[in-house]
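Asks:
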Amino acid sequence: MSNEELKLSLTAHYPEMVFEEGSEYINIVVGPSNFRNCIEQLRNEAAWKFDHLFCLTCVDWKTNFTMVYHLLSCTFKHQLVVKVKLTDVNNPEIETICDLWKGANFHEREVYDMFGVKFTNHPDLRRILLDEDWSGYPLRKNYVDVNMIEI
Amino acid sequence: MSLLGENFMTEEGEFVINMGPQHPSTHGVLHLKVWLDGETIKKVQPHLGYIHRSIEKMSERLSYRNFIYATSRMDYLSAHINNQACALAVEKGLQVEVPARAQAIRVLLAELTRLQSHQLWWGCTGLDLGAVTPFFYAFREREAIMEIFEETCGARLTQNFCVPGGVMYDVNPNFQKRVKDVMQQIKSKYREYEEILTGNVIFENRTKGVGYLSKEDAISFGVTGPTARASGISCDIRKWFPYDGYEKLDFEEVVMEGGDCYTRYMARIEEMKQSVHIIEQMIDNLPEGDIQGKTKNVIKLPKGEFYQKVETARGELGVYIVSDGAASPYRIKYRSPNFSNLSALETMSVGTKIGDLVAIMATIDLVIPDIDR
């Protein structure tokens, strides 16, 4: 499906879908509460079949944490970006998608490690790249490293 | 509670041993905690981050010209392709036209990079499985390619040859002749490769039917590159989402069914032949013209998001740039192929013997700095 066809088919299915501009892919914004249902449907629906999660990351916008999921369909080769805005910046929390995509496990652990986003129902939520006793979440914009020197 | 890095026995009688962080077969500092029942693997838990350098955080303070060079240190065997990915992502934001000559030089160097990377992998796979000779055979040809890199870019491993808009310098006048010589040399050695490792009974026994990865699992884990294509997934970025003129080239995507170590091995061997094929059709038709498109000294990307994926020697590398209009990226994410490929390691290795773990790791072709970033 081309981007336009995909957009039409998405609006046909979800009339209240919010789209975001500023990227070559179709970007949709979903609320944290219906995110799980939506992404599961995107994965399983025969017309879309977004079965390959090729990138999972987070962006710290200071007022919210935006989770970004890049999806690709191995059958149709169309792509989609799903965004979820987590507005509780002190305690960001979202449901895991580990059970849908096994590969999400490591990526979610990385986001937890770097941004401190908690993934509920994640089977093994530990830091992945940093030490267990590291304090703070380095990729947050307000992270202060005492050892950092301004050049 | 046991310390990380301690070997012990669980109450159920399972041995827990640590493979790495200094183990010859991991080719870097990867630490695997392995649960064993006798010699059979029950569980594998990778511990990462021994060489985490926070390249993503560093890049947030670097300019769009400078952040490219940090990526050479990720997957150091695909350094040029990593640079290419970053340059392409910035070009996508700038919407700058890359001259045909620059594209051709980039693709030529990318395929040479893929060749030398696969060659090193071929030698090391033999080494890991107890055959020392292939290592010397592989390095003989690889050295010839490294010399071409040295002559072209001044560096052997971290080329740093791509800039936003093109390549840094034109190639040496000697370049075409040398590349053709090396291609002749490599083609004449295929038979040697087949004789010494591919048809070797010990090698076949150690790899056939070992480390099976099903197609469904490979998709679910986000496995890419030759590892995924050996499980029957057609996922070559060069074919599906072509960049830098790959759409004009004639080459085949190597997709094989099987999913075991031997198929992964064969997939890479076939890929080497395809790379030689690509280089041969390009080397005589290098277009004339500029080597750099017009870019400003200080690059500022417009507000927005730019995602570029390329096919490195190990799979799909994604560069995700979030720009807020400033001179350095607001956020950069590298979707590294090895990180996702490693997550499938446990599925491949549970139920096999501990010795097979080495064969499995060898055929996934892990480069650890790319996992840790």
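Residue numbers (our numbering), protein chains in the order written: chain A, 516 to 666; chain B, 28 to 400. Ideal Cβ positions, reconstructed from N, Cα and C, are used throughout, including at glycine.
Determine the chain A residues that contact Gly-331(B) at a beta-carbon separation under 7 Å, and present them in chain order.
Replies: Within chain A, the residues near Gly-331(B) are Gly-537 and Ser-538.
Asks: Could you pull the start and end residues of the beta strand (DSSP E) that Gly-331(B) belongs to?
Replies: Element bounds for Gly-331(B): 331–338.
Asks: Enumerate in chain order the residues of its own chain whose CB-to-CB distance from Val-544(A) is below 6 Å, with the five nearest sequence positions on each side excluded.
Replies: Cβ neighbours of Val-544(A) beyond the five flanking positions: Val-533, Glu-535 and Lys-598.
Asks: Counting contacts by CB-CB distance shorter than 8 Å, is Val-337(B) in contact with chain D?
Replies: Given the protein chain composition of this structure (A and B), no chain D is represented.
Asks: Since Val-209(B) and Ile-172(B) should fall inside the 8 Å C-beta cutoff, what is the C-beta to C-beta distance between them, to a whole number of angstroms?
Replies: Right, their Cβ atoms sit about 6 Å apart.
Asks: Does any CB atom of chain A fall closer than 8 Å to the CB of Met-28(B)?
Replies: Note that Met-28(B) scores a pLDDT of 40, beneath 50, so its modelled location is shaky; the value from the coordinates is reported in the next line. So, not an interface residue.
Asks: Can you tell which of Glu-665(A), Ile-609(A), Thr-590(A) and Ile-541(A) has the C-alpha that lies nearest to the C-alpha of Thr-581(A)?
Replies: Ranking the options by Cα distance to Thr-581(A), first place goes to Ile-609(A).
Asks: Is the separation between the beta-carbon of Leu-135(B) and that of Ile-306(B) shorter than 8 Å?
Replies: Yes, the Cβ-Cβ distance between Leu-135(B) and Ile-306(B) is below 8 Å.
Asks: Closer than 7 Å by beta-carbon distance: list the chain B residues that pair up with Asn-620(A), in chain order.
Replies: The answer, in chain order, is Ser-370.
Asks: Does any C-beta atom of chain B lie closer than 8 Å to the C-beta of Leu-595(A)?
Replies: No, because no Cβ of chain B sits closer than 8 Å to the Cβ of Leu-595(A).
Asks: Alpha carbon to alpha carbon, how far is Trp-649(A) from Glu-315(B)?
Replies: Trp-649(A) and Glu-315(B): Cα-Cα distance of roughly 54 Å.
Asks: Exposed or buried, which one is Asp-287(B) when buried takes at least 16 other CB atoms within 10 Å?
Replies: Buried.
Asks: What separation, rounded to the nearest whole angstrom, lies between the Cα atoms of Leu-587(A) and Trp-267(B)?
Replies: Distance between the alpha carbons of Leu-587(A) and Trp-267(B): 12 Å.
Asks: Can you tell me whether Ala-354(B) is buried or exposed, with buried defined as 16 or more other CB within 10 angstroms of its CB?
Replies: Under this definition Ala-354(B) is an exposed residue.
Asks: In chain order, what residues of the same chain lie with their CB nearer than 8 Å to the CB of Ser-524(A), ignoring the 5 residues before and after it?
Replies: Answer for Ser-524(A): Met-516, Ala-562 and Trp-563, listed in chain order.
Asks: Whose C-beta lies closer than 6 Å to the C-beta of Leu-139(B) among residues of the same chain, with five residues either side of it excluded?
Replies: Once the five neighbours on either side are set aside, the close Cβ partners of Leu-139(B) are Ile-172.
Asks: If you run the structure through DSSP and keep just helix, strand and coil, what is Glu-608(A)?
Replies: DSSP places Glu-608(A) in strand when its eight states are reduced to three.
Asks: DSSP beta-bridge partners for Thr-581(A)?
Replies: BP columns for Thr-581(A) point to Val-574(A) and Lys-600(A).
Asks: To which residues does DSSP link Pro-73(B) through a beta bridge?
Replies: Leu-59(B).
Asks: Beta-carbon within less than 7 Å of Met-85(B)'s beta-carbon, same chain only, minus the 5 sequence neighbours each way: which residues are those?
Replies: Only Ala-97 meet the Cβ criterion.
Asks: What whole-angstrom Cβ distance do Arg-291(B) and Thr-254(B) have, given they're in contact under 8 Å?
Replies: Right, their Cβ atoms sit about 6 Å apart.
Asks: Can you list, in chain order, the residues of the stretch 573–595 of chain A whose Cβ is nearer than 8 Å to any Cβ on chain B?
Replies: Those would be Val-574, Asp-575, Val-583, His-585, Cys-589 and Lys-592, in chain order.
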